[in-house]
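Chemist:
2 protein chains.
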Amino acid sequence: MISGKNLVAGKWLHSQDAKQFKTIDPILDKPLPYDFQEATSHQISAALEAASKSFELFAHTSFMQRAAFLECIQEELDVLQEDILTTYTTESALPEGRAKGEFQRTKDQIQRFIELLSEGSFATASIHTQGPDLRKALHPIGPVVVFGASNFPLAFSTVGGDTISAFAAGCPVVVKAHPYHAGTSEWVAQAIANAIEKSKLPLGIFSHLGGQSHEVGSQLVCHPLTKGVGFTGSFSGGKALYDLAQKREEPIPVFAEMGSINPIFVLEHKLQSDSGLAEALTQSVTLGTGQFCTNPGLIVACNPSGKIDLSSQIKKHLEGMQLPPMVHSNIEKQYNKQLSLLKLNDKLNSIHTSESCLAAVASVKAAQFLKDKSFSEEVFGPFTLVVDCKTVDEVFEVADSLAGQLTATILSETKDYETSKGLLIKLQSKAGRILFEGVPTGVAVTQSMHHGGPYPASTDSRFTSVGTDAIYRWLRPIAFQDCPNELLPDTLKNENPLGLQRNIDGKLTSAAL
Amino acid sequence: MISGKNLVAGKWLHSQDAKQFKTIDPILDKPLPYDFQEATSHQISAALEAASKSFELFAHTSFMQRAAFLECIQEELDVLQEDILTTYTTESALPEGRAKGEFQRTKDQIQRFIELLSEGSFATASIHTQGPDLRKALHPIGPVVVFGASNFPLAFSTVGGDTISAFAAGCPVVVKAHPYHAGTSEWVAQAIANAIEKSKLPLGIFSHLGGQSHEVGSQLVCHPLTKGVGFTGSFSGGKALYDLAQKREEPIPVFAEMGSINPIFVLEHKLQSDSGLAEALTQSVTLGTGQFCTNPGLIVACNPSGKIDLSSQIKKHLEGMQLPPMVHSNIEKQYNKQLSLLKLNDKLNSIHTSESCLAAVASVKAAQFLKDKSFSEEVFGPFTLVVDCKTVDEVFEVADSLAGQLTATILSETKDYETSKGLLIKLQSKAGRILFEGVPTGVAVTQSMHHGGPYPASTDSRFTSVGTDAIYRWLRPIAFQDCPNELLPDTLKNENPLGLQRNIDGKLTSAAL
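Protein chains in written order, with the working numbering: chain R, 105 to 617; chain D, 105 to 617.
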């Protein structure tokens, strides 16, 4: 049952004074029956105090205890799977296939962190025996606030990569649920709460708070006991939280992944020879009704002959296409507003909006693109802008003009090698992930993934929010000097009880000392 | 010869409109003959533009090229050693032994980074071959601004750990020389400039700018081409730079190490049994006239019997002690001002200022300490405050009350084990390095060192400014997806040309792919 209440350290709380809000069914554009309560200041403080109190205990649980906890979360998600998926599709308008896929992806993500904890080397243990005995390993930073994302009700929300990586690190988590899928989030919170109880962990390590207004988020970020923040969403939302966090008496890290336009560069010979290109690009632009962080909003075509009209080709593929609505009417309104503004821009070569769905494609000459910064702003939704370049120099200029990106893609043939090489050097200063085949939508959850990029794609390009390296956002090193063996954390004890690969005097070894 | 000019990308520039300033001899408290020019806005911009232009080239130099460059810096420092050391002692009042020791330490620091580059695994290469081919390694962030520190004219200044770690990462550096040792800094800058020329590297990778006013530093941090900042110094200085950097259109990381009071906890049985304690503590408090970041400004004594008066014992060791002046009269004035204020605080038990030198010691009861936040503020200089605790609970309360610290020390006997254990759990949330023997002054330059701590000890507790891990401040990951082998960086190529330990599908190996 969806209660609409807030969960604070194991207790579902009702408040008589709480503001209320509803989720909507985007297909019918009608409110759903549940009344959700906005978290009160008192509940916010209680959640962070409980998180802080439970921190020392949770930080000192073993990696195996945390792995068992994550397994228990997987099991409890399975128990509630039907409720979760039904509410997910109703609240988001995303189809059942996507819901199931994202559910599985979310569980797989958890599995990666279970493996990480079982293996343990993320602790980055190093030991120096010459001179003073110095031993260093990573330690959790403290309570973390996680914001649910609108576009991934499971994989980037209540039990998404931010929460799971923080739990794996040993950090208590306070989730601010995304108001567009508050019901889905509540089911998931129940699963986590059940897992905590079954795992006999302190109840304070998890709270789940709702809210539609910005105040809940602001208070969570500004609370003195909060030590870090995870966010996936818009630039304006992420930047606002970042600024709040920097103005605190104690500034704290905010890892905000704020999206980008994920440029795809199609080089001359590739453009001429790949007949399947327009279709592949159209699929990527419209996937999930264009609501992926890595949606390619910009296609830079090197088209010296002027003969290939990629935007017209994409337009053809959009004809008759059916897409579900966006996850919320507010997001759709914003998308349509941005398209209307673009239509008024007489520097565009062409703009086409599909009659059968929300998707749209426009084109602009490189010279015009370079003159108007607004062309490189993200239009969140199933839209892409084709930039038509006459020369390789124009392609390079467009690359130089771009802000930081989550991804950049170079599609090329062997004959494009020299251009690829030059472009790659430029893009290394611009993007967190650089692709040479395929499309940027689809983000593999592996250790080698990097999901983050130079500002404004994310607030800290050194950290990823996808893949197991996401754990490093919530850890900091502590060095122990001449510490008695029995007081050292297990990661650093002489006998190496966890069997970790450790750096001892410069050599990696799993041997005891 | 000391020219007083600013070095911008290989050229020593004179400006007719520049403000001028002088360094002083702290022993005579008299200005030295040289006129130093404050960098102009034009020079600041030129330095960062040259740094940015040289970045792509420098970022793509091989690790071996960078190691050879660092070796060349060592050699050029040797060539100018006599000039450097003479100017160092004149400008800082630090004795010749310290100057020589710091010179050697600075060269040893460089040696650690040469070894790091020769070994190469800091690139943190990981390869995932299942699904899309994903390969990730670290890449430099871009031009870095480094601020020289007042208290280490060599090891934390122009050619200190910040500059050398940034060069090792492949980042161009613009140094803002500390005005108190502008002459020493100019000699060192000459050595670096000579090394760049001999190594045939782009001249833009290094500039050296002087200035006494805050404007030079502000402009450097706010320049849009600056991508990161390294700073060691006061809280007020570091926080001001941090705030400036966060207010930029593109916020950038500022790694400011802002010092702390480095509490030493002396537990009950240790206090009773260690007759050499007061002397060891006195030595640490007065080392370098108290101008170490890790100077122990707080000694928390667990003294249930009330019989041991550690502050009186320290006082005895201060009698007749001789210390050189502090590195600049401004710093000494600030120190004396803080002592005067403390003397007015009637909550102190006692305060004693040595007649023969600058050193001072005070004592306060734990109950009073806990009531007045000002007792836990840093007094930069040869001063320490002894907090007298009647119970273990008081010791724990004092620990809980402290802000973030670079170091915390627990001095204990076997009988103090339970207290040590409880205290250690608390201190793990407070400090970057925790010692169990000796004193916190003396920071070994090794991979296992962590020099940094929770705010306000430093602005980002996840990174160290001492030891080879300091390089990670200037690096961010890039993931390459399905990238042709010949376009990959050497760190990620199939054949593993650098012979690195790489994580391939979860296994560490130096094998080719």
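A virtual CB, placed ideally from N, CA and C, is assigned to each residue, including glycine.
Could you compute how far the alpha carbon of S569 (chain D) sits from the alpha carbon of H554 (chain D)?
Modeler: One C-alpha to the other measures close to 8 angstroms.
Chemist: Quick one: give me the first and last residue of the alpha helix (DSSP H) that C587 (chain R) is part of.
Modeler: Neither: C587 (chain R) is in no alpha helix (DSSP H) and is coded neither H nor E.
Chemist: Could you check where the beta strand (DSSP E) with R537 (chain R) kicks off and where it finishes?
Modeler: R537 (chain R) -> beta strand (DSSP E) spans A535 to L539.
Chemist: Taking the beta carbon of T518 (chain R) as the centre, do at least 16 other beta carbons fall within 10 Å, making it buried, or is it exposed?
Modeler: Label assigned to T518 (chain R): exposed.
Chemist: Give the residues from the stretch 274 to 287 of chain R that approach chain D closer than 9 angstroms (Cβ to any Cβ), ordered along the chain.
Modeler: Under the 9 angstroms Cβ criterion, the stretch 274 to 287 of chain R contributes no residue.
Chemist: Here's a check: name, in chain order, each residue in its chain whose Cβ is nearer than 7 angstroms to the Cβ of T386 (chain D), leaving out the five neighbours to either side.
Modeler: Closer than 7 angstroms at Cβ, skipping near neighbours: I418, H421 and L422.
Chemist: With a Cβ-Cβ cutoff of 7 angstroms, do S614 (chain D) and Q551 (chain R) count as a contact?
Modeler: No; because the gap between Cβ atoms is not below 7 angstroms, this pair is not in contact.
Chemist: Can a CB atom of chain D be found closer than 7 angstroms to the CB of F584 (chain R)?
Modeler: Answer yes: the Cβ-Cβ gap between F584 (chain R) and chain D drops below 7 angstroms somewhere.
Chemist: Please confirm whether V242 (chain R) and T228 (chain R) have their CB atoms less than 7 angstroms apart.
Modeler: The sequence shown places Leu at residue 242 (chain R), rather than the Val named in the question. For L242 (chain R) and T228 (chain R), yes; Cβs fall inside 7 angstroms.
Chemist: Cβ closer than 7 angstroms: which chain D residues qualify as neighbours of I177 (chain R)?
Modeler: In chain order: nothing, as chain D lies at least about 22 angstroms away.
Chemist: Assuming S516 (chain D) and S480 (chain D) form a contact by the criterion Cβ under 8 angstroms, report the distance between their Cβ atoms to the nearest whole angstrom.
Modeler: With a Cβ gap of about 22 angstroms, S516 (chain D) and S480 (chain D) do not count as contacting.
Chemist: If you scan the stretch 467 to 515 of chain D from start to end, which runs of the beta strand (DSSP E) of 3 or more residues do you find wholly inside it?
Modeler: You should have 487 to 493 and 509 to 515.
Chemist: For E186 (chain D), name the three-state secondary structure that DSSP assigns.
Modeler: E186 (chain D): helix per DSSP, three-state reduction.
Chemist: Within the 7 angstroms Cβ cut-off, does Q395 (chain D) reach chain R?
Modeler: Chain R, which has no Cβ nearer than 7 angstroms to the Cβ of Q395 (chain D), makes this no.
Chemist: How close, in whole Å, do the beta carbons of S620 (chain R) and P130 (chain R) come, if the pair is a contact with beta carbons under 8 angstroms?
Modeler: The structure shown has nothing for residue 620 (chain R), since chain R only spans 105 to 617.
Chemist: Could you say which of R:R202, R:E180 and R:E353 lies nearest to T190 (chain R) if we only look at CA atoms?
Modeler: Residue R:R202 is the option with its Cα nearest to T190 (chain R).
Chemist: Smallest Cα separation from G342 (chain R): which of D:K530, D:H373, D:G536 and D:P355?
Modeler: Here the closest residue by C-alpha is D:P355.
Chemist: With distances taken from CA atoms, which of D:Y346, D:G401 and D:D476 is nearest I368 (chain D)?
Modeler: Comparing Cα-Cα distances from I368 (chain D) to each of D:Y346, D:G401 and D:D476, the minimum goes to D:G401.
Chemist: By the 7 angstroms beta-carbon criterion, what residues does the stretch 356 to 388 of chain R contribute toward chain D?
Modeler: Under the 7 angstroms Cβ criterion, the stretch 356 to 388 of chain R contributes no residue.
Chemist: Quick one, which of R:A143, R:G235 and R:L579 has its alpha-carbon nearest V547 (chain D)'s?
Modeler: Minimum Cα distance to V547 (chain D) is reached at R:G235.
Chemist: Considering just the uninterrupted stretch of the alpha helix (DSSP H) at A405 (chain D), what are its terminal residues?
Modeler: No alpha helix (DSSP H) contains A405 (chain D), which is instead part of the beta strand (DSSP E) from L402 to C406.
Chemist: Could you give the distance in angstroms between the alpha-carbon of V320 (chain R) and the alpha-carbon of A512 (chain R)?
Modeler: Spanning the two alpha carbons is a distance of roughly 35 angstroms.
Chemist: I'd like the list of long-range same chain contacts for E498 (chain D), defined as Cβ closer than 6 angstroms, with 5 residues on each side in sequence excluded.
Modeler: Excluding sequence neighbours, E498 (chain D) sits near A470.
Chemist: Tell me which residues share the same chain as S269 (chain R) and place their Cβ nearer than 6 angstroms to its Cβ, disregarding the 5 neighbours each side in the sequence.
Modeler: Taken in chain order, the residues that qualify are A574 and I575.
Chemist: With DSSP collapsed to three states, give me the class of K343 (chain R).
Modeler: Here K343 (chain R) sits in helix by DSSP.
Chemist: Give me the DSSP bridge partner(s) of Q141 (chain D).
Modeler: Q141 (chain D) pairs with D:Q124.
Chemist: Do you know offhand how far R537 (chain R)'s Cα is from N598 (chain D)'s?
Modeler: Near 19 angstroms, if we compare the C-alpha coordinates of N598 (chain D) and R537 (chain R).
Chemist: With 16 other CB atoms within 10 Å as the buried threshold, where does L489 (chain D) fall?
Modeler: Buried.
Chemist: In chain order, which alpha helix (DSSP H) runs of at least 4 residues are fully inside the stretch 352 to 433 of chain R?
Modeler: Whole alpha helix (DSSP H) segments, 4+ residues: 372 to 377, 381 to 390 and 414 to 422.
Chemist: Does any C-beta atom of chain D lie closer than 7 angstroms to the C-beta of H327 (chain R)?
Modeler: Chain D contact via Cβ: absent.
Chemist: Mind pulling the alpha helix (DSSP H) runs of 4 or more residues that sit fully within the stretch 247 to 335 of chain D?
Modeler: The qualifying runs are 265 to 273, 286 to 302 and 318 to 326.
Chemist: Within the continuous beta strand (DSSP E) that includes K115 (chain R), where are the two ends?
Modeler: It spans K115 to L117 - the beta strand (DSSP E) in which K115 (chain R) sits, taken as one unbroken run.
Chemist: Suppose the cutoff is 6 angstroms on Cβ atoms and the five residues either side in sequence are ignored; what does the same chain contact list for F396 (chain D) look like?
Modeler: Once the five neighbours on either side are set aside, the close Cβ partners of F396 (chain D) are T545.
Chemist: Going by DSSP, what residue range makes up the alpha helix (DSSP H) through I455 (chain R)?
Modeler: No alpha helix (DSSP H) holds I455 (chain R); the beta strand (DSSP E) holding it covers S454 to T457.
Chemist: Once DSSP output is grouped into helix, strand and coil, what is the label at L446 (chain D)?
Modeler: L446 (chain D) falls in the helix class under three-state DSSP.
Chemist: Strictly by DSSP, which residues pair up with R239 (chain D)?
Modeler: The partner list for R239 (chain D) (beta bridge, DSSP) reads D:I231 and D:F584.
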